[in-house]
Amino acid sequence: MSAGAMDPIALQVLSGGLRAICDEMGAVLVRAAHSPNIKERRDCSTALFDAGGELVMQAEHIPVHLGSMPAAVESVARIAAEHGVPGEEQWILNDPFRGGTHLPDITLVAPILLGGDLCGWVASRAHHADVGGPTPGGMPAGSTSLRDEGTVIEPRPAGDDVLTALAAGMRRPDQRLADLRAQRAANLRGRVRIGELAESLGRERLLGGMAAVLDYAERRSRSSIAALEDGVFEAADELEAADGSPIPLRIRAEISGEEIDVDFAGSAPQVGGNLNCPLPVTRAATLFAIRALTDPDAPASAGAFRPVRISAPEGSVLNARPPAAVAGGNVETSSRVADLVFAALAPVADGPAQGQGTMNNLTLSGFASGEEFTYYETIGGGQGACPGADGPSAVHVAMSNTLNTPIEALEADLPVRIRELAVRRGSGGEGRNRGGDGVIRSFEALAPMRYTLITERRSRGPRGRLGGGDGAPGLNLLNGEPLPAKCEGELEPGDVLRIETPGGGGLGSGG
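For what it's worth, the working numbering labels the leading residue of the sequence shown as 59, then goes sequentially.
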């Protein structure tokens, strides 16, 4: 069946069915996982791809995972093709320069075989609480090369022996292995459901329908871009290096008809710290922002991104080369790339003011009751105001889309007491529409432990738009004393680590 032969109603039904499969994969992963970061915060993503590695459908999980996951599938597909048609075995990787993002994000990819032929792929990606290496959690504040950040997994088959051996090199191997098996189970569920859909529709109709979903998303995307004013639009911003020095970022976006060219020339060369991005991460953030500004309801597939071309200078902070450290690039730089796209295109797409622009990454590690623990979370903040509404408060903005770990789960698993969890009132920027307020999250250590912070927007808050006020910068405190944006150290019992996240920018004067 040709891609254009599916009638609109059948197309919508199939699109919903494919989305439901991705959602069910995500539910299996969350329910089967053991670590709080996955089962509570839901720091994981699932998606479906065609045989060529194009994203057909995704669950609405983590934008930075999903936008970069096609590179992982392409990497696996290329290696598998070198060895003939893949069998039933799944593949695993986390190498940021071969389809990964940063090392804690581990991806499992499974082929879909229908009638013995490769017809597609299912994939799951999850942020693991540890990935081996010198720093618990794989998120060191001061890493300077990829090897400083943990175990690098090049694409390889993921049999039981491989998963067991990989987990054995990580902290809490029992938990790591359980989470990896949860990912594998999610992929198996997706493969079963696709097989059932093929039996119901017929193999050729299913594959033709998948192609139709891609084409439909492309048509919608092109139509939305064509409605925007043609022209060249630019923006600039800065990251905060570990030593406090600025790292410049630049964007030039050209809208021409129904296509957009995005170029990040002028951005800083890759840095000695860990704010570097592999190009797929930069692509993920760019595509997320463009989709949000054009047609966010179009099917979340590669078709929607066909009219967008993205480039960044090789060896720059937004297209880093190995062995660059990338732990912070996936979480912090990606957030700033989304900000850049919003800033550049806001005048023609009626976009928002800047949101918090950081994930406020916190890692805690140590020993409790004779057992080692490693914990990681991101913390929400204020979203920028929109033309028609105030910005939401205390949410995970842009590239994150995770949840907070509930206090009950956190205190049950770790030797910590949450002294305060509150909205940071008044931190959003003033304006006709106010920016959302940030979050206050305060931890009291009940045992000796180590902390690591990778945060942004501590020297300058998110900017307002059209005369709106800036949001308040974030603040990190240890026993009331300020900490740098990126730091690590020790906590003794009774020490209090307090994180106040940025508010979003306001929009419009007055209010």
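All residues carry an ideal CB built from backbone N, CA and C; glycine is no exception.
Straight-line gap, residue i to residue j (C-alpha atoms, nearest Å)
| i | j | result |
| --- | --- | --- |
| glycine 442 | glycine 564 | 6 Å |
| alanine 61 | asparagine 152 | Note on alanine 61: pLDDT 42, under 50, position unreliable in the model; no value is reported. |
| valine 271 | asparagine 332 | 37 Å |
| alanine 530 | arginine 490 | 17 Å |
| serine 133 | arginine 205 | 21 Å |
| glutamate 147 | alanine 129 | 19 Å |
| aspartate 51 | valine 395 | Within the shown structure, residues of the chain are numbered from 59 to 569, placing residue 51 beyond reach of any answer. |
| valine 86 | glycine 302 | 42 Å |
| glutamate 140 | methionine 268 | 25 Å |
| valine 384 | isoleucine 79 | 31 Å |
| proline 381 | isoleucine 67 | 49 Å |
| alanine 236 | threonine 222 | 10 Å |
| methionine 507 | serine 258 | 54 Å |
| alanine 256 | arginine 483 | 52 Å |
| histidine 119 | cysteine 102 | 7 Å |
| proline 231 | proline 192 | 15 Å |
| leucine 640 | arginine 556 | For the chain, the structure presents residues 59 to 569; residue 640 sits outside this window and is missing. |
| phenylalanine 425 | serine 517 | 34 Å |
| methionine 59 | glycine 266 | Its pLDDT being 41, under 50, methionine 59 is placed unreliably in this model, and the value from its coordinates should be taken loosely. So the two alpha carbons sit approximately 5 Å from each other. |
| arginine 234 | glycine 74 | 32 Å |
| valine 375 | methionine 64 | 43 Å |
| methionine 417 | glycine 145 | 39 Å |
CB contact flag (residue i, residue j, <8 Å)
| i | j | result |
| --- | --- | --- |
| isoleucine 305 | alanine 326 | yes |
| valine 210 | methionine 457 | no |
| glutamate 514 | glycine 387 | no |
| valine 208 | valine 189 | Reading the sequence as shown, one finds glycine at residue 208 and not valine. Contact: yes. |
| isoleucine 170 | valine 180 | yes |
| serine 423 | threonine 432 | yes |
| alanine 109 | leucine 176 | yes |
| glutamate 312 | proline 365 | no |
| glycine 493 | alanine 404 | no |
| glycine 532 | serine 567 | no |
| glycine 248 | threonine 104 | yes |
| leucine 113 | alanine 360 | yes |
| proline 551 | alanine 505 | yes |
| arginine 593 | glutamate 212 | Given that the chain is displayed from residue 59 to residue 569, the structure contains no residue 593 and the question cannot be resolved. |
| glycine 496 | glycine 440 | yes |
| leucine 76 | leucine 124 | no |
| alanine 299 | glycine 200 | no |
| glycine 227 | threonine 510 | no |
Residue closest to residue i, alpha-carbon to alpha-carbon, out of the options
| i | options | result |
| --- | --- | --- |
| leucine 72 | Ala109, Gly110, Met115 | Met115 |
| threonine 421 | Gly525, Leu504, Arg364, Cys545 | Cys545 |
| glycine 519 | Ser258, Asp528, Ile476 | Asp528 |
| phenylalanine 501 | Ser485, Val455, Leu479, Ala105 | Leu479 |
| tryptophan 149 | Phe155, Ile137, Pro231 | Ile137 |
| alanine 216 | Pro192, Arg229, Asn245 | Asn245 |
| glycine 370 | Leu337, Val389, Ser393 | Rather than glycine, the amino acid found at residue 370 in this sequence is alanine. Of Leu337, Val389, Ser393, the residue nearest in Cα terms is Leu337. |
| arginine 349 | Ile283, Ala299, Glu298 | Ile283 |
| proline 198 | Ala184, His160, Val339, Pro154 | His160 |
| serine 126 | Pro540, Ala90, Cys335, Asp273 | Cys335 |
| glycine 373 | Ala407, Gly330, Pro194, Arg367 | Gly330 |
| alanine 184 | Met417, Gly227, Arg100, Asp218 | Arg100 |
| valine 554 | Gly562, Ala503, Pro445 | Ala503 |
| glycine 486 | Ala378, Ile512, Cys444, Glu466 | Cys444 |
| glutamate 82 | Glu287, Ala117, Gly227 | Ala117 |
| alanine 240 | Ala90, Gly446, Asp319 | Ala90 |
DSSP state of residue i mapped onto helix, strand, coil
| i | result |
| --- | --- |
| proline 306 | strand |
| leucine 69 | helix |
| methionine 507 | strand |
| threonine 159 | coil |
| glutamine 414 | coil |
| arginine 499 | strand |
| aspartate 232 | helix |
| histidine 123 | helix |
| glutamine 116 | strand |
| alanine 181 | strand |
| methionine 59 | Confidence in methionine 59 is poor, its pLDDT being 41 and thus under 50, which makes the residue's placement unreliable; the coordinate value appears in the next sentence. Methionine 59: coil per DSSP, three-state reduction. |
| alanine 91 | coil |
| leucine 555 | strand |
| alanine 404 | helix |
| aspartate 273 | helix |
| phenylalanine 588 | With the chain represented from 59 up to 569, any question about residue 588 goes unanswered, as that position is not in the structure. |
| arginine 169 | Looking at the sequence shown, residue 169 is not arginine but proline. It is a strand residue. |
Residue i Cβ short of 7 Å to the ligand GDP heavy atom set
| i | result |
| --- | --- |
| leucine 511 | With respect to small molecules bound, the structure shown includes none, and the ligand GDP cannot be examined in it. |
Within 8 Å, do at least three Cβ pairs link the region 337-356 to the region 287-294? no
Inter-stretch contact (C-beta, 8 Å, three-pair minimum) for the region 271-278 and the region 251-258: no
At least three beta-carbon pairs within less than 8 Å, the region 92-109 to the region 460-467: yes
Three or more C-beta pairs under 8 Å: does that hold for the region 394-404 against the region 338-354? yes
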